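For the record, the sequence lines run as chains A and B.
First residue of the first sequence: 1, per the working numbering; consecutive thereafter.
First residue of the second sequence: 1001, per the working numbering; consecutive thereafter.
2 protein chains.
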Amino acid sequence: MRFHSPAIQYFHAVRRTGSIRAAARVLNVASSAVSRQILKLEQEVGSPLFERNARGLTLTTVGEMLARHVMNVLQDLDRFRSDVASLSGAWSGTVSIACIESLTESVLPDLIASHRGRARRVSFTIEVKGSSDVLEALSRGEADIGIAMALRHPPDLRQAALKRFRLGAVVAREHPLARRKTVTLEQCLAFPVINALPELSIYHLLQPLIAQLSETPEPAIQANSIDLMRELAARGVGVAFQTQLGINRLSRDSRLVFLPLDNAGSPVWSDLGIYVRAERTLPAYTESFLQELVRELGERERRENAAHPHTP
Amino acid sequence: MRFHSPAIQYFHAVRRTGSIRAAARVLNVASSAVSRQILKLEQEVGSPLFERNARGLTLTTVGEMLARHVMNVLQDLDRFRSDVASLSGAWSGTVSIACIESLTESVLPDLIASHRGRARRVSFTIEVKGSSDVLEALSRGEADIGIAMALRHPPDLRQAALKRFRLGAVVAREHPLARRKTVTLEQCLAFPVINALPELSIYHLLQPLIAQLSETPEPAIQANSIDLMRELAARGVGVAFQTQLGINRLSRDSRLVFLPLDNAGSPVWSDLGIYVRAERTLPAYTESFLQELVRELGERERRENAAHPHTP
DNA sequence: TATAACCGTTGCCGAAACGGCAGCAATATG
DNA sequence: CATATTGCTGCCGTTTCGGCAACGGTTATA
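The following block contains the structure:
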């Protein structure tokens, strides 16, 4: 089913790989063929699409405009294909997800397992990244659904949902703080703290709050793996911070206790956004999974905020 | 700038014309070429796209799916072209509008005149139709912006705005009703009435209200031209009904008086919807005009409802 | 500084796709 | 029954496409 001119596909491959020869290898064609299609495209548009650096190609402004169009075309072609396929038989296709680490613990595995139980021919690709990389992957058409901290998102993305979860401290059951219902940041900083590195979004949530405090926190462990931080906390090394999304795991893990953070009397929220490219209609199977994801996250938001209500 | 395979364009032409030979004439190619491209497309999709009637071609279900994709591709190509053009120089392109008759009196001519004053290279195509035909033209990709009575719209359309205007009676200055501030339907039906035919949306607004009344209205004039109905009212033939959009003309036309309708103590609203295809990003110049249109209609809605406030 | 590894581009040539012409059978119109 | 229109199909010249090999240029490495 290849009814679009090769130029479109070649251009797309060159944009992704950043080089004509690399694109040719991916496409299983000679590099000369790719080169010629690009040149022909540039001639028809009437303006260069790439800047030729010695090390590869970079998009020009016009090139980025064409990239946007080509992305729209190819993604809509995918949708068309899935529409036709769903006419005669079961759904089939690949849902590609880019998300931050908080989801890997229970939300995504639960959802995907249950979804695969109902639609066996739908496969998944999951890439874990930092929040800004998630949005970037989405913009570049490398993922269908993105889940990231709700920062300002570029206009080519659409926020399909926004869910807020409480940020909290995670400590070992034997930790002095463990008997409290909630904790403040000051209380945590009295103990050794396991900090997130800037690549994790938790860093950007906590840093402004820490900066407001007068005392300088004592040096602590820093890491970029939520899992590692949690395991360190379980071993009593210190206080870790994370959003309240690992509730299943935490309630199963008898070594750990989750303590919602209070800051100046009000909860510290971590806003989770679900994103898709704006200029796009999702294939039916992707849209269906998206709906389930939004529903499930809404469910957890409700449940977890009920488990730790904010009573001023 | 033709970087999409001929099959796409040929398919599009065949869908619009309903026949391969007609499409070939439009495209200035031999009909055999068109026929072959369609056959090739069907072979690649793996399913027939058209039903071959002796008199021409009709889309199959799969064909409609492909038509949707092709429309998305070609409309987005237009947008890309306009983006590139706007990079180097002024906007240029054509805004195609499908709308109901109420707009032709002052809203559209005013807006288009003022817009053309600022952007000379943007041209316009306006087609006046019934409300459902407006939506259909939009769905089929034959118009960029649609303005129609806000009925239930198909899911492939997006309602960019919704404005409500009061429905009212239009009578000659010498008419017995002319001294009132507002009128009820009963009061109007005591006089000869100039009714709209079902092709006008006013018919569908008034019919349910008339049906609620116990008395059967006396036979009256029926017409499908708002202009004609207005001229008849000016000549004292009877009471006409229309939405309050012709305010400029009416206030200039000393022969006529507009009387807002009251029904059971509350105004009778006529909802005007502005529509665009949902799966589409408008070219910059079209988007710009759309914004002005929405702003202008909002302005008139505000102004006219202030001129005839509803005081229960 | 010499060498090797990439990079994009170009000439040449066979293969594939495309489009025009004329003619076919089927169907609708009068 | 005659005529017109429909979509489709061989045939054939033209255009486009892709593979191969080679060229000039830049970058990294020895």
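Heads up, the beta-carbon is just placed ideally off N, CA and C, and yes, glycines get one too.
As the structure is a computational prediction, the values presented were derived from the model and not from experiment.
Can you tell me whether DSSP reads residue i as helix, strand or coil?
{"i": "Ser19/A", "result": "coil"}
{"i": "Arg1002/B", "result": "coil"}
{"i": "Leu272/A", "result": "strand"}
{"i": "Gln1244/B", "result": "coil"}
{"i": "Pro176/A", "result": "helix"}
{"i": "Thr1058/B", "result": "strand"}
{"i": "Lys1181/B", "result": "coil"}
{"i": "Phe1124/B", "result": "strand"}
{"i": "Asp1262/B", "result": "strand"}
{"i": "Lys40/A", "result": "helix"}
{"i": "Asn1195/B", "result": "strand"}
{"i": "Leu297/A", "result": "helix"}
{"i": "Ala234/A", "result": "helix"}
{"i": "Pro267/A", "result": "strand"}
{"i": "Ala143/A", "result": "coil"}
{"i": "Val170/A", "result": "strand"}
{"i": "Leu256/A", "result": "strand"}
{"i": "Asn305/A", "result": "helix"}
{"i": "Val14/A", "result": "helix"}
{"i": "Leu1282/B", "result": "coil"}
{"i": "Ala160/A", "result": "strand"}
Cutting at 7 Å between CB atoms, please list the residues of its own chain near residue i, excluding the five before and the five after it.
{"i": "Ala23/A", "result": "Tyr10, Ala13, Val14, Thr17, Val34"}
{"i": "Thr1104/B", "result": "Val1128"}
{"i": "Arg180/A", "result": "Leu259"}
{"i": "Val294/A", "result": "Ala160, Ala161, Ile274"}
Counting only the same chain and skipping the five closest in sequence on each side, list residues whose C-beta sits under 8 Å from that of residue i.
{"i": "Leu1157/B", "result": "Leu1135, Leu1138, Ser1139, Gly1146, Tyr1275, Val1276, Arg1277, Ala1278"}
{"i": "Val95/A", "result": "Val122, Ser123, Phe124, Thr125, Asp144, Ile145, Tyr285, Thr286, Phe289"}
{"i": "Gln1159/B", "result": "Ala1150, His1153, Gly1273, Ile1274, Tyr1275"}
{"i": "Leu1066/B", "result": "Phe1011, Leu1041, Val1045, Leu1049"}
{"i": "Pro192/A", "result": "Glu218, Ala220, Ile221, Val237, Gly238, Val239"}
{"i": "Asn1224/B", "result": "Ala1196, Leu1197, Glu1199, Leu1200"}
{"i": "Ser230/A", "result": "Note that residue 230/A is Arg in the sequence shown, not Ser. Counting only Cβ-Cβ distances below 8 Å, and skipping sequence neighbours, we find Val170, Ala240, Gln242, Gly246, Leu256."}
{"i": "Ala85/A", "result": "Trp91, Ser92, Gly93"}
{"i": "Asp133/A", "result": "Ala98"}
{"i": "Asp76/A", "result": "Arg280, Thr281"}
{"i": "Ala1178/B", "result": "Val1171, Ala1172, Val1257, Leu1259"}
Hey, out of the options, whose CA is closest to residue i's CA?
{"i": "Arg303/A", "options": "Val268/A, Leu261/A, Arg166/A, Asn224/A", "result": "Arg166/A"}
{"i": "Gln43/A", "options": "Arg1002/B, Asp1133/B, Lys1181/B", "result": "Arg1002/B"}
{"i": "Val183/A", "options": "Ala211/A, Ala234/A, Phe258/A, Glu127/A", "result": "Phe258/A"}
{"i": "Ile221/A", "options": "Gln242/A, Leu197/A, Leu282/A, Thr243/A", "result": "Leu197/A"}
{"i": "Trp91/A", "options": "Pro283/A, Arg295/A, Leu74/A", "result": "Pro283/A"}
{"i": "Arg1235/B", "options": "Gly1093/B, Ala1172/B, His1204/B", "result": "Ala1172/B"}
{"i": "Phe80/A", "options": "Thr1104/B, Ala1169/B, Gly1063/B, Arg1230/B", "result": "Gly1063/B"}
{"i": "Ser1088/B", "options": "Thr61/A, Cys188/A, Leu87/A, His204/A", "result": "Thr61/A"}
{"i": "Ile1020/B", "options": "Arg1055/B, His1004/B, Ser1005/B", "result": "Arg1055/B"}
{"i": "Met71/A", "options": "Arg52/A, Ile8/A, Leu39/A, Arg118/A", "result": "Ile8/A"}
{"i": "Ser266/A", "options": "Met229/A, Ser131/A, Leu185/A", "result": "Leu185/A"}
{"i": "Leu1232/B", "options": "Ser1214/B, Ile1100/B, Leu1039/B, Ile1194/B", "result": "Ile1194/B"}
{"i": "Gly1130/B", "options": "Gln1187/B, Tyr1203/B, Leu1189/B, Pro1155/B", "result": "Tyr1203/B"}
{"i": "Ser314/A", "options": "Arg68/A, Val29/A, Gly168/A", "result": "The shown model of chain A, from 1 to 312, leaves out residue 314/A, and the question about it has no answer."}
Please classify residue i as buried or exposed, where buried requires at least 16 other C-beta atoms within 10 Å of its C-beta.
{"i": "Thr1058/B", "result": "exposed"}
{"i": "Ser1102/B", "result": "buried"}
{"i": "Pro1312/B", "result": "The predicted position of Pro1312/B is uncertain, since its pLDDT is 49 and thus under 50; a value taken from the coordinates is nonetheless stated next. Its Cβ having fewer than 16 others within 10 Å, Pro1312/B is exposed."}
{"i": "Asp227/A", "result": "exposed"}
{"i": "Asp1078/B", "result": "buried"}
{"i": "Ala306/A", "result": "exposed"}
{"i": "Val26/A", "result": "exposed"}
{"i": "Gly141/A", "result": "buried"}
{"i": "Glu301/A", "result": "buried"}
{"i": "Ala1148/B", "result": "buried"}
{"i": "Arg1280/B", "result": "buried"}
{"i": "Pro1176/B", "result": "exposed"}
{"i": "Ser1114/B", "result": "exposed"}
{"i": "Ala98/A", "result": "buried"}
{"i": "Gly93/A", "result": "buried"}
{"i": "Ala1264/B", "result": "exposed"}
{"i": "Leu213/A", "result": "exposed"}
{"i": "Leu1039/B", "result": "exposed"}
Note down, in chain order, each residue of its chain lying with its Cβ closer than 6 Å to the Cβ of residue i, except the 5 sequence neighbours on either side.
{"i": "Gln1291/B", "result": "none"}
{"i": "Leu297/A", "result": "Lys163"}
Regarding residue i and the ligand COA, is the C-beta to nearest heavy atom distance less than 6 Å?
{"i": "Leu77/A", "result": "Of ligands this structure carries none, so the ligand COA is not represented either."}
Runs of beta strand (DSSP E) lying entirely within the stretch 43 to 112 of chain A, each at least 3 residues, in chain order: 50 to 53, 56 to 59, 93 to 99
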